[in-house]
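Enquirer:
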Amino acid sequence: MMFSKRTKEHKPFPWHLWVFLGPGLLIYLTFSVYPLLDTLILSLYEEQAGQSEFVGLKNFITLVTDENWSSAFWNALSNNLQFFAFHMLLQNPIGLLLAVLLSSPKLRLASSYRTLIFMPTMLSVVIIGFVWQLILSPIWGISEEFLYSIGLGQYFDAWLGKEGSALVTLSFISVWQFVGIPMMLIYATLLNIPDDIIDASTVDGASPMQTFFHIKLPLILPTIAMVSILTFVANFNAFELIYAVKGALAGPNFSTDLLGTFFYRTFFGFQLQQGSSTMGAAVATLMFLIILVGVMLFLFFIQRRIQRFQF
Amino acid sequence: MKLMQVFLPKNTSAGQMSKSVTIHGILLAYTVIALFPILIVIMNAFKDRKGIFRDPLALPTSETFSLVGFEQVLLRSDFGLFAWNSLLVTVLAVGLVILLGAMAAWALTEYRFRMNLLITFLFAMGIMIPIRLGTVSILRLIVELNLVNTLTSLVLVYIAQGLPLAVYILSEFVRTIPKELVEAARCDAVSEYRIFFSIILPLLKPAMATVAVFTMIPIWNDLWFPLILAPSEETRTITLGVQQFVGQYVTNWTSVLAALTMAIVPVLILYTIFSRQLIRGLTSGAVK
């Protein structure tokens with residue numbers, strides 16, 4: 001049993017407790033909790049000539065309404081939503097399909113497939129971005145040649161360079177890299193489903209399809225929900241891929257701008273616009289609120305409706 | 001027929017066989033999709049410029065084989081230093097996350113005290129809220145502490161980044177340790193420090209391996225904090241080094257391919273060696 005409260009009160013100051021907890025807590029508070037709170041507060045200030053002045057919600061109003069700022073902000077937000085939607089529509093279904101195939105009974109080479117398909121997930125987003133930039137480059141022409149070889153050559157285009165297709169292409173690249181995460185987590189859940197349940201449904205005459213939709217799918221829904229929230233947080237925090245492939249300006253014509261790149265430009269400045277830490281803090285605060293709302297929605301609505309099964 | 005035997009278990013009927021072929025077909029196709037771009041880059045890094053453009057899909061032949069790209073990379077950038085910086089930062093940060101995380105997880109699960117719930121909640125928040133959102137203030141803080149362009153700044157920030165998940169996973173694990181073990185030691189008047197370091201810590205090893213994997217990958221691959229906190233030539237990590245190098249020599253195909261290969265291959269080798277442990281950690285249920 002743990003210490004009961006009464007005996008605790010009579011004890012001397014629990015030095016050992018703070019020796020264990022102190023160092024980690026101190027670093028966490030200093031470099032994560034404090035900066036986050038400080039950023040939230042900073043977003044309510046304006047800095048001019050080294051003097052900071054409390055301005056309330058002015059920075060936020062500027063961000064969402066001012067003509068110099070708002071279009072960039074809404075553009076980044078809408079791109080980010082598209083980026084996220086793409087992941088939900090492609091990454092998780094493909095991950096689910098691969099996980100189901102991998103978990104087929106008596107599948108040979110399953111661990112090799114698993115290891116190889118997961119490989120891109122291990123590499124840095126920056127490296128993956130550059131790799132695809134080369135592969136899709138019209139100068140090198142690998143993709144073009146490949147498309148011609150399967151008779152689709154006329155559809156080739158400099159996808160990454162065109163305003164209409166750059167964001168979709170980058171979403172594809174990101175989905176391609178991270179499909180391993182839903183695959184792995186769903187696969188682990190599938191492996192944990194006891195054979196008895198599956199056998200029972202087979203004995204009762206359920207087809208493999210029925211077994212999947214009525215037995216397995218409900219059991220992996222919590223995992224899918226968790227993968228979705230992980231994807232949400234990662235997508236609304238994404239920066240590296242865009243920065244590596246398109247630079248901080250998220251070209252062409254900001255068509256690939258996400259909140260992460262918008263935050264970076266606002267904070268550090270670009271071209272003629274000077275960087276501003278208070279405006280940067282305001283963007284970060286909005287990102288914080290978006291992520292917080294997403295996580296809360298997940299916790300209150302989705303998580304509550306899903307029953308957890310323990311075997 | 002021999003090839004088929006690799007994919008199929010013995011004694012399969014025709015129906016099972018066609019199903020099995022479909023499954024292997026899809027998985028094999030996806031494996032090719034997952035590996036093709038990476039293999040193309042590695043393959044072409046060992047060719048000369050002509051070979052790269054004339055036939056990108058061909059393996060290097062004696063005629064096209066060339067290491068000129070690697071020579072250029074090593075000549076024009078301090079690749080060894082970047083790799084060393086990354087290694088140093090990752091090892092220090094992961095080591096400290098594991099140690100401090102285990103200590104904090106032990107304190108939060110074993111002892112009852114007034115702020116326990118608040119601190120547990122603070123750590124739990126950190127799992128979902130990305131530390132990057134505090135970048136503006138982190139940079140100010142690092143400037144004030146005179147730590148700009150030091151690896152120390154990266155290590156400190158990465159410890160803060162890794163701790164929440166580490167505390168969560170390790171706490172779950174601490175709860176599975178039988179209480180009798182600790183109680184018995186307490187009866188023998190063993191100090192709390194010795195209980196932790198000689199009884200608990202060794203038992204936490206498997207969970208620590210999981211934490212190490214989860215913590216290591218984002219740190220090694222990170223671009224954001226090296227770019228903002230430590231962009232100088234001497235403190236560049238490998239991800240930032242490659243990003244800067246490729247940005248600078250973007251038209252020099254042999255160099256770019258070589259630089260990417262040099263960033264990819266060590267990770268692939270490590271991954272191949274440790275993939276079993278890594279995947280076990282990922283699927284062990286620690287993050288379910």
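Quick mapping for you: the protein sequence lines, in order, are chains X and S. If you count the first sequence from 1, position 271 lands on 271 in full-length UniProt numbering, and the numbers rise without skipping. If you count the second sequence from 1, position 17 lands on 17 in full-length UniProt numbering, and the numbers rise without skipping. A virtual CB, placed ideally from N, CA and C, is assigned to each residue, including glycine. No experiment lies behind these values; they were computed from the predicted model shown.
Jot down the residue ranges of each uninterrupted alpha helix (DSSP H) in the region 68-97 of chain X, minimum 4 residues, whole runs only, in chain order.
Expert: Listed in chain order, they are 70-86.
Enquirer: For S/Lys50, I'd like the list of residues in its chain whose CB is within less than 8 Å of its CB, leaving aside the five on either flank, ordered along the chain.
Expert: Thr64
Enquirer: Relative to the alpha-carbon of X/Asp66, which residue among X/Leu289, X/Leu167, X/Met279 has its alpha-carbon at the smallest distance?
Expert: Minimum Cα distance to X/Asp66 is reached at X/Met279.
Enquirer: Kindly indicate the opening and closing residues of the beta strand (DSSP E) around X/Phe54.
Expert: In the DSSP annotation of this structure, the continuous segment of the beta strand (DSSP E) that includes X/Phe54 starts and ends at 51-54.
Enquirer: Let me know the secondary structure DSSP gives X/Phe270 once reduced to three states.
Expert: strand
Enquirer: List the endpoints of the continuous alpha helix (DSSP H) containing X/Tyr148.
Expert: 142-149
Enquirer: Give the residues from the region 245-259 of chain X that approach chain S closer than 9 Å (Cβ to any Cβ), ordered along the chain.
Expert: Gly247
Enquirer: Start and end of the alpha helix (DSSP H) containing X/Gln48?
Expert: Premise fails: X/Gln48 lies in the beta strand (DSSP E), 45-48, not in any alpha helix (DSSP H).
Enquirer: In the DSSP assignment, find the alpha helix (DSSP H) that holds S/Leu166 and state where it starts and stops.
Expert: It should be pointed out that residue 166 of chain S corresponds to Ala in this sequence rather than to Leu. Looking at the DSSP string, the run of the alpha helix (DSSP H) that includes S/Ala166 is 151-174.
Enquirer: Given this structure, state the Cα-to-Cα distance separating X/Val125 from X/Ala238, to the nearest angstrom.
Expert: 10 Å
Enquirer: Rounded to the nearest angstrom, what separates X/Trp132 and S/Thr61 at their Cα positions?
Expert: 24 Å
Enquirer: Count the other CB atoms, across all protein chains shown, that sit within 10 Å of the CB of S/Asn221; report buried if there are 16 or more and exposed otherwise.
Expert: buried
Enquirer: Taking the alpha-carbon of X/Ser137 as reference, which of S/Trp253, S/Arg132, S/Thr239 has the nearest alpha-carbon?
Expert: S/Trp253
Enquirer: For the alpha helix (DSSP H) that X/Trp132 lies in, which residues bound it at each end?
Expert: Run containing X/Trp132: 125-135, per the alpha helix (DSSP H) assignment.
Enquirer: Strictly below 7 Å CB to CB, what residues from chain X border S/Gly69?
Expert: In chain order: nothing, as chain X lies at least about 13 Å away.
Enquirer: Is it right to say X/Phe84 is buried, meaning 16 or more other beta carbons lie within 10 angstroms of its own, or is it exposed?
Expert: The residue is buried, with at least 16 neighbouring Cβ atoms inside 10 Å.
Enquirer: For S/Lys47, does the three-state DSSP call read helix, strand or coil?
Expert: Reduced to three states, the DSSP call for S/Lys47 is strand.
Enquirer: Can S/Thr239 and S/Val41 be called in contact, C-beta distance under 9 Å?
Expert: no
Enquirer: Sort out for me which residues DSSP pairs S/Phe65 with in a bridge.
Expert: S/Lys47
Enquirer: Name the chain X residues that come within less than 7 Å of S/Tyr271, Cβ to Cβ?
Expert: Met119, Met122
Enquirer: Anything in the region 142-169 of chain X with a Cβ closer than 7 Å to a Cβ of chain S? List those residues in chain order, please.
Expert: Ile142
Enquirer: What's the C-alpha gap between X/Ile242 and X/Leu167?
Expert: Here the alpha carbons of X/Leu167 and X/Ile242 stand approximately 9 Å from one another.
Enquirer: For X/Asn235, count the other beta carbons within 10 Å of its own beta carbon; 16 or more makes it buried, fewer makes it exposed. Which is it?
Expert: buried
Enquirer: Beta carbon of X/Ser32, beta carbon of S/Ile131: below 9 Å?
Expert: A contact, by the Cβ cut-off of 9 Å.
Enquirer: Could you compute how far the alpha carbon of S/Leu282 sits from the alpha carbon of S/Thr210?
Expert: 7 Å
Enquirer: Give the interface partners of residue 305 of chain S over in chain X, defined as CB-CB distance under 7 Å, in chain order.
Expert: Residue 305 of chain S lies beyond the range of chain S shown here (1 to 288); nothing can be said about it.
Enquirer: Taking its Cβ as the centre, do 16 or more other Cβ atoms sit within 10 Å of X/Thr121, making it buried, or is it exposed?
Expert: buried
Enquirer: Let me see if you follow: with CB-CB separation under 9 Å, is S/Val287 close to chain X or not?
Expert: Because the pLDDT at S/Val287 is just 43, under 50, the model does not fix this residue reliably, and the value given afterwards should be weighed accordingly. It does; some Cβ of chain X falls within 9 Å.
Enquirer: Between the Cα of X/Thr285 and the Cα atoms of S/Pro206, S/Phe173, S/Thr176, S/Leu133, which residue gives the shortest distance?
Expert: Checking every option, the nearest Cα to that of X/Thr285 belongs to S/Leu133.
Enquirer: Cβ of S/Arg140 less than 9 Å from any chain X Cβ?
Expert: yes
Enquirer: Scan the region 238-283 of chain S and note each continuous alpha helix (DSSP H) run of 4 residues or more that stays entirely inside, going in chain order.
Expert: Fully enclosed alpha helix (DSSP H) runs of 4 or longer: 238-248, 253-283.
Enquirer: Report the neighbours of S/Glu234 on chain X: residues whose CB is nearer than 9 Å to its CB, in chain order.
Expert: Result: empty, since nearest Cβ-Cβ is about 20 Å, beyond 9 Å.
Enquirer: For X/Phe213, is the classification buried or exposed, using 16 other Cβ atoms within 10 angstroms of its Cβ as the cut-off for buried?
Expert: exposed
Enquirer: What residue from X/Leu37, X/Asn68, X/Ser174, X/Glu46 has the CA that sits closest to X/Asn80's CA?
Expert: X/Ser174
Enquirer: To the nearest angstrom, report how far apart S/Ala124 and S/Tyr168 are at their CA atoms.
Expert: Within the model, the alpha-carbon separation for S/Ala124 versus S/Tyr168 is close to 7 Å.
Enquirer: Any idea if X/Trp15 is buried or exposed, counting beta-carbon neighbours within 10 angstroms, 16 or more meaning buried?
Expert: exposed
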